[in-house]
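Counting from 19, one number per residue, gives the positions in the sequence shown under this note's numbering.
In this text, a Cβ means the ideal position worked out from N, Cα and C, and glycines have one as well.
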Amino acid sequence: MKKHSIALFICFIFAFLCFFSVSGLKFTDLKYSGNSITSDEVPHITSGYYYLKSGRYFLNPEHPPLVKDISALLTRLILNPSFPQVSVDAPYPQESEKEDLFFDKNIFPRSLEIENYHWDNRMLIFNPKNNPDLIILLSRLSVIIFNSIFLFILYLLLTKSWGKRSAIISIFLIATSQFNIAHASIVTMDFMASTLLMSALVVFSIYLKKYLENKTATLWLFLSALFFAMAFISKFSALILIPTSFLGGLVYCVLTKNNWGKILSYTGRFTAIIVLSLVLVFSFYSLHVINSDTDGIKSQIQHNYPSEFPLFGKDLLMKMAEGGNFNKAVATYGIGLSMTINRIDSAGQSTYFLGKVYGSEGAGYWYFPVLYLTKLPLPFLMIEILLSLLAIYSFCYMTIRLIKKETTLREQFGNHHKLSILSVMLAVFIAIYTENAFTSRLNIGLRHFMPVIFASVLLTAAGTQIYWNKIICKNFKVKYAIIGLSVIMTISVLISFPHYLSYYNVLSGGTNDGYKIATDSNYDWGQDIKRLGKWMEENKAEKIYVDIFSLNGPKYYLGEDYRSFNIKYDNLPPSGSYIAVSAMNYQNNIYDASIASGKKYSILKDNFVGRAGKSIFIFKIP
């Protein structure tokens, strides 16, 4: 492993930054150190432990199990915390009864289970029988370890495809992005899915290269199926691998080969890879449905199957639910996919973006481009622009040569075959994924665009490799510009520690003002509630009124005397009272045209007294 020491060092530092950015540096005071549990971590941590504990898969089926399973490993091995037992006899509870059921009777009614009741943090994390700080810490640590391992695996695969230099550049650009660190540090799917997506494309490109060169490629065929399967069980959006990798490979075959028999054979081999990968997916799912009953699966199919889809699909899933574990796994996968489709189609969540609140219509085409330019490190963007200009120059030069008939397109691809296969696949992937993202009405975070960001990182690394000896090393100004930008990226990561989730670059005015661009998972995901509790302790604020997005564990962090508050509906509290408002709720209130001016948080702007972290604003009533 000595020859990979640089990559190992990068991955180690990446894991170090991930862990300490969310855990904090004070392990003697975990309650108020680091980041609070974020919104989506609640169902993921809860359901992951539920899977390992029960062998059932009725909670959070709208996401595949890989990340959730990983998050539960250390928690299960080290803590083995209390989790209520599923009861088929317990009636459907009223809201006031749930806490008693979870805490005292240790019962989880089957009706809530089938209903996919996974957002209640009292079941596991903030159950008084458990230690919430250790559950959150160990869950995150498990995910961070595996994210770092998968990042190193991506590096190893890239060395096989593009060489060591491109591979190191790729993981360096990933590891020195505040945006990537933020999402690799928490129990969500985006980082791991993006890493596995890229790994799958790299493995498949290696297989295709060997196949087209008539070399033995059986091992890489099976590895392609394995990495496709791993991507599929990390996030449902990874299914975009099927059309993108096939089309990318097909484009390359057409451009480099005249042998249509070879192309038809490629189609058959690709089909075999996909079939094998799905067998692996359903086999993995079958481990999660050992105790899942047919009636429960059918109930979720009935409730979640998209109404616009043909009925024979629903009938098929119902039939699969009646079979063995493998068939139940297929049905359960279908439930999750159905829920994802419904979620994308409904897109019911409000979105704040650039001074306007959007509803189900979405924030429009500019949402992801603007966030791409403001959430990613400026040095990285400058490197991308520089290499893009070099690429445009090369393209124009090649086009002129093609027009003059000094070369052919097939010759150009043949001259760069080591780069071209994966480059074509990445280009096709970016085109298809971007089109889907730009037209989506679900605009709740740049994290949904992370696979494209990863693909652009790999192409940036490839561009650096192409031009390293041709231009970069010959032009010392370009060389030192790239080195200087890389150093600035590293320093920027250290300076912005630990507020990576709220990070915005200087194009947006920096992290402090980033909430003016967009909120939700871009800025405010509930990560600063610990810091609010700490602020209360330091300022001896015994009582506080809160309007916070993703308010998890309020009694634990804020004490018994906190009060929920919404200026739209409530009168201002008494003089001397503190009001804490999260950035998302603040912006949604101010820019909601339907709310009267006297019911907007802007009337409190002169009463601002401080911030908890970056995402919670604190006001004091005079």
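query, result
"Meets three-Cβ-pair contact criterion under 8 angstroms: the region 450-468 and the region 168-184", "no"
"C-alpha distance - W137 paired with K86, whole-angstrom precision", "14 angstroms"
"Beta-carbon gap between Y135 and T93 smaller than 8 angstroms", "no"
"Bridge-paired residues (DSSP) for D565", "V599"
"Q196 - partner residues in DSSP beta bridges", "Its beta-bridge partners do not exist; DSSP assigns none."
"Validate contact between the region 136-154 and the region 565-572 using beta carbons, cut 8 angstroms, 3 pairs", "yes"
"Span of the alpha helix (DSSP H) around I28", "S23 to S41"
"Classification of D313 by the beta-carbon crowding that lies within 10 angstroms, buried from 16 upward", "exposed"
"Distance CB(A193)-CB(I28) smaller than 8 angstroms", "yes"
"Option in S304, S510, Y284 and Y110 with minimal Cα separation from S232", "Residue identity differs from the one stated: residue 232 is Asn in this sequence, not Ser. The option with the nearest alpha carbon to N232 is Y284."
"Burial state of W278, where buried means 16 or more other Cβ atoms lie within 10 Å", "exposed"
"Member of G551, L464, P469 and G342 whose CA lies at the smallest distance from the CA of I448", "P469"
"First through last residue of the alpha helix (DSSP H) which encompasses A247", "T236 to F250"
"Sequence-distant residues of the same chain with beta carbon closer than 7 angstroms to M507, five excluded per side", "T194, P395, P397 and F398"
"Touch test, the region 317-337 against the region 293-302, Cβ-Cβ under 8 angstroms, three pairs minimum", "no"
"Minimum C-alpha distance to L18 - residue among V205, S54 and M357", "The question about residue 18 has no answer here: the residues shown for the chain are numbered 19 through 640."
"Cβ-based burial, Y587 [other Cβ within 10 Å; buried from 16]", "exposed"
"Same chain only: Cβ atoms within 8 angstroms of K638, ignoring 5 sequence neighbours per side", "G594, S595, Y596, I597, N625 and V627"
"Same chain, Cβ closer than 8 angstroms to T392, five either side skipped, listed in chain order", "Y522, N523, L525, S526, G532 and I535"
"Selected residue, minimal CA-CA separation from H517, among G73, A614 and Q196", "Q196"
"Helix, strand or coil at R140 according to DSSP, with G and I counted as helix", "coil"
"Cross-strand partners of S105 (DSSP beta bridge)", "P127"
"The beta strand (DSSP E) enclosing G628, as first and last residue numbers", "F626 to A630"
"Inter-residue Cα distance where the pair is L26 and R183", "14 angstroms"
"Under 8 angstroms between C-beta atoms of I634 and S620", "no"
"Burial state of E649, where buried means 16 or more other Cβ atoms lie within 10 Å", "The requested residue 649 is not part of the displayed model; the chain covers only 19 to 640."
"Where F327 sits in the DSSP three-state scheme", "coil"
"C-alpha distance - V388 paired with Y270, whole-angstrom precision", "32 angstroms"
"Buried versus exposed, by CB contacts within 10 Å (16 or more), I403", "exposed"
"I315 - containing alpha helix (DSSP H), residue span", "T312 to N322"
"F76 in three-state terms, based on DSSP", "coil"
"Nearest-angstrom beta carbon gap, A256 and L716 [assumed within contact, 8 angstroms]", "This structure does not reach residue 716, given that the chain is present from 19 up to 640, and the question cannot be answered."
"Between the CA atoms of S65 and Q320 - distance to the nearest angstrom", "21 angstroms"
"Buried versus exposed, by CB contacts within 10 Å (16 or more), S188", "buried"
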